[in-house]
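Structure, as structure tokens:
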Amino acid sequence: MDCFQYRNGQLFCEDVNLDDLASRVGTPAYVYSRRTLQEHYDRLAKAFAALKPIICYSIKSCGNVHICKLLGERGAGMDVVSGGELFRAKLAGVPMGKVVYAGVGKTDAEIRAAIEAKIGWFNIESEAEFENIAAIAKQMGATANAALRVNPDVYDAKTHAKTSTGKKETKFGVDIERARRFFEHYGRDKHLKLNAIHLHIGSPIYSADPYVQAITKALELIDELRNQGHTISALDIGGGFAADYESGASPDAANYAEAIVPLLEKFHKEGGTIILEPGRTIAANSGILLSRVQYIKMGGKKKFVIVDTGMHHLVRPTLYDSFHFIWPTKVSPMHTPTGRSKEMNLPGLELCDVVGPICESGDFLAKERPLPPVARGDLVAIFTAGAYGMVMASNYNAMPRPPEVLIDGGKAIVIRRRETYDDLVQQEREAVPV
Ligand SMILES: Cc1ncc(COP(=O)(O)O)c(C=O)c1O
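Quick note on this note's numbering: the sequence shown kicks off at 497 and runs consecutively.
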């Protein structure tokens, strides 16, 4: 779970009263719990401890440099997908040998920066990309490690189509048959050493079973490749471990580890390195989006709760039909939530659509959601918003992005200030002929 809990009808993050916080930092605001981030990282590290894995936190899920730094200090490496994320990892002081770099469209400049930084592995997505990275490494007189991203053709039926990546027909990786030819062709390159396999089957994956299927196929492939004389020193099993969007509905780190660790023990004992790339399972429950009700409006029989945030700050509901539990931060005893779920069985709830100020009908955070009565000026918390929240926020409709605040016990620290109108036009101040 997490450190966002009600005490006598008031929502706290760790020891900070969120109504007090809102009066100091304003709304909307992303609020993260340091303790939850650390506990989530630690629980994963503990669950997989037998494999001594490199846990590469997936920066794309929540990239604030202060958050990367605190996870780096706990031992995390980083999973990056761009030069910008590599820059963040460096700023956070993460050892570059614990960085893996995925993504189908790495540019030459990004590749050079990653080779210079001496990152751990490039996760290779295609033949053309391998040839390009190998050529750049050769030009630079450098060597780098590469993991081939293999697409094991397994998927979780519950994963949204837009975040499912393990099927044959995705833009990611190569299928197993092609992986064999890949190693035959490129497996002995001197500058880009193809010595690892990378998997990432989607996000979130709601059971251990798809991992078991994918890892089993990867281990068979590794055996074959080793028999042909290739050195395979690492297996990166990707990310995708679920978060607790609805109380108790998702497996936790120990559930995944129970099924995955026994499969990989032999590979590990023979000297193989295991890499994990978790994002959501660490960050999602570590953050909420705090927002104030602007207006209540009826539309026919429908009740709209219009808040000061929306798809521009949290796009997941409209992009993926995602569920985020939403609840007022101050409630009477009968409305103190006992869990987080779509169906709350409490007296006096009303069905509402929670919507934002953006000029799009797609700008909603929840539809037909049972809520305690709320009025203009009330604060609401949008839970489990720490992952794929702020990182996907935009300035659409010229709305400044919210601040990010890190709570540490009773202290609140602004780790990204609220954007201003001036920030919105900074890059447009001059018109430069080229
Ligand atoms: C290659 C890769 N690794 C790791 C992740 C992190 O996934 P999650 O945040 O679900 O753990 C992603 C997410 O898209 C990804 O594409």
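Even for Gly, the Cβ is constructed at its ideal location relative to N, Cα and C.
Is any non-hydrogen atom of ligand 1 found closer than 7 Å to the C-beta of residue i, if you look at the structure I gave you?
i: S818; result: no
i: D705; result: no
i: K634; result: no
i: T777; result: yes
i: F737; result: yes
i: K556; result: yes
i: G734; result: yes
i: P774; result: yes
i: D498; result: no
i: H696; result: yes
i: S699; result: yes
i: A541; result: no
i: A750; result: no
i: A518; result: no
i: A598; result: yes
i: A745; result: no
i: A883; result: yes
i: D575; result: yes
With burial defined as no fewer than 16 other Cβ atoms inside 10 Å of the residue's Cβ, what is the status of residue i: buried or exposed?
i: E581; result: buried
i: G783; result: buried
i: V596; result: buried
i: H681; result: exposed
i: K594; result: buried
i: I770; result: buried
i: D498; result: buried
i: T476; result: Any answer about residue 476 is impossible in this case: the structure gives the chain only from 497 up to 930.
i: C558; result: buried
i: E900; result: buried
i: N723; result: exposed
i: N841; result: exposed
i: A927; result: exposed
i: A605; result: exposed
i: L644; result: buried
i: E846; result: exposed
i: P829; result: exposed
Residues in the same chain with beta-carbon distance under 6 Å from residue i, minus the five sequence neighbours each way, listed in chain order, please.
i: A543; result: A749, A750 and A753
i: D511; result: G905 and G906
i: K667; result: V600
i: T639; result: H687
i: D874; result: V789 and P824
i: R897; result: A889 and E915
Residue i bridges to which residues according to DSSP?
i: H694; result: R645 and D732
i: I770; result: L731
i: Y502; result: L507
i: C552; result: G573
i: V851; result: I802 and F860
i: E900; result: Y526 and R912
i: N628; result: Paired residues: none, contrary to the question.
i: R865; result: C848
i: M794; result: K799
i: P824; result: V876
i: I701; result: F737
What would DSSP say about residue i, mapped onto helix, strand or coil?
i: C564; result: helix
i: L514; result: helix
i: K614; result: coil
i: A842; result: At residue 842 the sequence reads Leu, which differs from the Ala that was named. Correct three-state label for L842: coil.
i: Q724; result: coil
i: Y741; result: coil
i: N893; result: helix
i: L810; result: coil
i: V884; result: The displayed chain sequence assigns Tyr, not Val, to residue 884. Coil.
i: S787; result: strand
i: V596; result: strand
i: P829; result: helix
i: R776; result: helix
i: A927; result: coil
i: K586; result: helix
i: K907; result: strand
i: V650; result: coil
i: V670; result: strand
Does chain C have any CB closer than 8 Å to the CB of residue i?
i: I784; result: In the structure shown, chain C cannot be found, because there is only a single protein chain.
Just to confirm my understanding: we take residue i, look at its own chain, exclude 5 residues before and 5 after, and list those with CB closer than 7 Å. What are they?
i: A546; result: V757 and E761
i: K565; result: A588 and G589
i: Y892; result: H808 and I854
i: H831; result: L842 and P868
i: A609; result: G579 and L582
i: I611; result: I632, A633, M636, A638 and A640
Could you pull out every residue in the same chain whose Cβ sits closer than 8 Å to the Cβ of residue i, ignoring the five residues on either side in sequence?
i: L717; result: V646, I672, A675, R676 and I693
i: I822; result: V850, L861, A862, R865, L867, V876, A877, I878 and F879
i: I711; result: L695, L731, I733, I756, L759 and L760
i: K586; result: M592 and A613
i: M794; result: F800
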